[in-house]
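The structure appears right after this line, and notes come after that.
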Amino acid sequence: MKNIVKKIGILLMVVSLASCSDDYLDTLPTDAVGADDAIATTKNAWASLNGIHRLLYSQHRSTQAEGGLGGIFLLSDHLGEDIAYPSTSNNTSWFGGTHKWVDHRNENSSMASYPYYFFYRIINDANLIINKIDNASGDPTEKNRIKGQALAYRGWAHFNLVQFYGKRYVAGTTNNQLGVPIMLASSEEGMARNTVEEVYTQINKDLNDAATLLTGYNRANKSHLNLNVVNGLRARVALTQGKWVDAATHAASARTGTGIALMSTTQFLQGFNDISNPEWIWGSNVLSDQTMFFYSFHAYISRNFSSSHIRTHPKSVYSDLYTKFPSTDVRRTVVATTNSTADNYPSYMSFASGVTYNRFAAASNKFWVKDPSSSVADIVNMRAAEMFLIEAEARARNGEDVLAQNALHSLNLMRRTDVPVKSVNTGQALIDEIMLHRRMELWGEGFRYFDLKRTNAPLKRDHTGTNHNNTQVGGIFNVPAGDITWEFMIPRAELNANPKMVQNPS
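Pasting the structure below:
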């Protein structure tokens, strides 16, 4: 972290301002900006906060896989079993080593260091706001809105870091295993790793404080963090900690509000690329002039962007997963059932002319770009469907089977072209059913690695008839629950710069 802070410090605050506030730059040259000036007024502080929003869909460092938060989503899901590469030609592109469970265990790999760099960069920029906004000039209510969002970002970023680099949280234990350093101020001072329990205590404090400051805030757009987003983050954290009542309560609150509704089956087929979708609680609104080209999330996950990665290795759904859903479920409708050119490729999805797209059974059509020559598309960070699934899982794990069945049924009613029968499963069978729906509903949205780790489940890619192949997964079909390889290695650059840092077991 010391090494990262040195690199990102005040200079990156300037970059954030430069990308989001032309008015600010008109009055103060970027080379003259300091932390105090950046947060001196609420106007400037809003620009600084917008800089953090923009980090979520910006190009980072020099590796194409590091396209903001979308790169994190892809990293997580490539470590799971539900993204498959049916092509037998070796995938040597950016996420190939991740899919093989190699990169995140190499302390010199950019994929091992990217989450560390990305989330501590967000924390650093959030701290500049949190620690100076109280002294800024401007309306006190505005200051609360700015500080609340910065606190939410800091809590959320620490939450992601501890899941990647620490051992899993185990409810009912002391959780004194090593987590990550808690960074509450911008500093070049090397810091030791806090325990997992200490990190979660700080995460909850930040999110609770954010909820207080953001109560009553009506945001301008969904890229900003309001109380619904914070409650969604609190639901995720509580679910990971095994706090079932809190998880269910926060999830229900997150999906309740003006304009929030589950999308229809028709909307589900429209490409997951438009922030105006009523189900999106939080997302990144990517404008046409903000293309990330081959760094973009959609440059890897969409079905129709014209890149060699998409044309050669279309992302497919694990065959053991999608075949468990009926043909009347829209989540299966977006999966090609054969490699026919006429099968499941909707007429409204355009492909680039003059090039060949490889077609495979189980290729996913969930994500697509409106123009195959451009990777520009909005990115979803949180949906109401996730909140229904969190509530259902939390209720089921808490023994509240009827309430869990109701939450799951509310979602399924909006995913079927027929009328689904409400589940009558109870106990573990109900939990298993909910987790299956979670996998299919949230496919490609960055949850699978986290779900496997938090539930202490093994990775299993070797079911009969699997569309995984040895070349693509590098022989890694299964990883036992609790294995040391579930922890990312601390980046070598951080170890070299910080004598207090301790590496994870290898």
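The opening residue of the sequence shown carries number 871 in this note's numbering; numbering runs sequentially from there.
Cβ coordinates follow ideal geometry from the N, Cα and C atoms, glycine included.
Per-residue DSSP class, three states only, for residue i
i	result
Lys913	helix
Gly1153	strand
Ser1007	strand
Arg1202	helix
Met1252	strand
Pro1369	coil
Ala954	strand
Thr1065	strand
Leu1329	strand
Val1187	strand
Arg931	coil
Met1359	coil
Ala1233	strand
Leu1048	strand
Val1291	coil
Val1107	helix
Arg1286	strand
Val972	coil
Val1349	strand
His1094	coil
Glu1387	With the chain covering only 871 through 1376, there is no way to say anything about residue 1387.
His1279	helix
Glu1303	helix
Arg1173	coil
Glu936	coil
Gln1140	coil
Same chain, Cβ closer than 7 Å to residue i, five either side skipped, listed in chain order
i	result
Leu1054	Asn997
Thr1208	Ala1231
Leu1312	Glu1256
Lys1194	Leu1306
Gln1072	His1028 and Ile1052
Gly937	Gln929, Met1162, Tyr1165, Ser1166 and Phe1167
Inter-residue spacing [alpha-carbon to alpha-carbon] between residue i and residue j
i	j	result
Pro1369	Val1107	30 Å
Thr1043	Leu1077	22 Å
Ala1277	Met1310	16 Å
Ala1255	Pro1350	29 Å
Leu1109	Val1040	11 Å
Val1291	Ala1121	24 Å
Leu1103	Trp1150	14 Å
Ser1186	Arg1267	30 Å
Phe1034	Ser928	21 Å
Asp1019	Trp916	Contrary to the premise, residue 1019 reads as Gln rather than Asp in this sequence. In a straight line, the C-alpha of Gln1019 is about 10 Å away from that of Trp916.
Asp1302	Asn1295	9 Å
Leu949	Gly1316	10 Å
Val1246	Ser1177	13 Å
Ala1090	Ser932	32 Å
Arg924	Tyr987	16 Å
Ala1363	Val1200	45 Å
Lys1092	Ala1124	13 Å
Asn1326	Met1359	19 Å
Asn1228	Asp947	21 Å
Leu1329	Ser1197	27 Å
Lys1240	Gln1137	14 Å
Thr1119	Thr1126	11 Å
Neighbourhood of residue i by C-beta distance below 8 Å, restricted to the same chain and skipping five residues each side
i	result
His1338	Glu951, Ala954, Tyr955, Tyr1188, Arg1331, Asp1332 and Phe1347
Ala1006	Ile909, Ala910, Thr911, Thr912, Asn914, Ala915 and Lys1013
Asn1096	Leu1084, Tyr1087, Asn1088 and Arg1089
Beta-carbon contacts of residue i that lie in its chain and below 6 Å, excluding the five residues immediately before and after
i	result
Glu1012	Thr912
Tyr1192	Arg1202 and Val1205
Ile993	Arg1024, Ala1027 and Met1053
Ala1131	Pro1148
Ile1171	Lys1185, Phe1237 and Gly1314
Leu1259	Arg1308
Gly967	Asp973
Asp893	With a pLDDT of only 28 at Asp893, under 50, the local geometry of the prediction cannot be trusted, and the value read off the model is given with reservation. Counting only Cβ-Cβ distances below 6 Å, and skipping sequence neighbours, we find nothing.
Exposure of residue i, with buried meaning 16 or more beta-carbon neighbours within 10 Å
i	result
Val1156	buried
Thr1065	buried
Glu1059	exposed
Ile909	buried
Gly1153	buried
Asn978	exposed
Lys1075	exposed
Val1115	exposed
Pro1375	exposed
Ala1169	buried
Val1225	exposed
Pro985	buried
Beta-carbon separation (whole angstroms), residue i vs residue j, contact threshold 8 Å
i	j	result
Leu944	Phe1167	7 Å
Ala1081	Val1100	5 Å
Asn1046	Glu1067	6 Å
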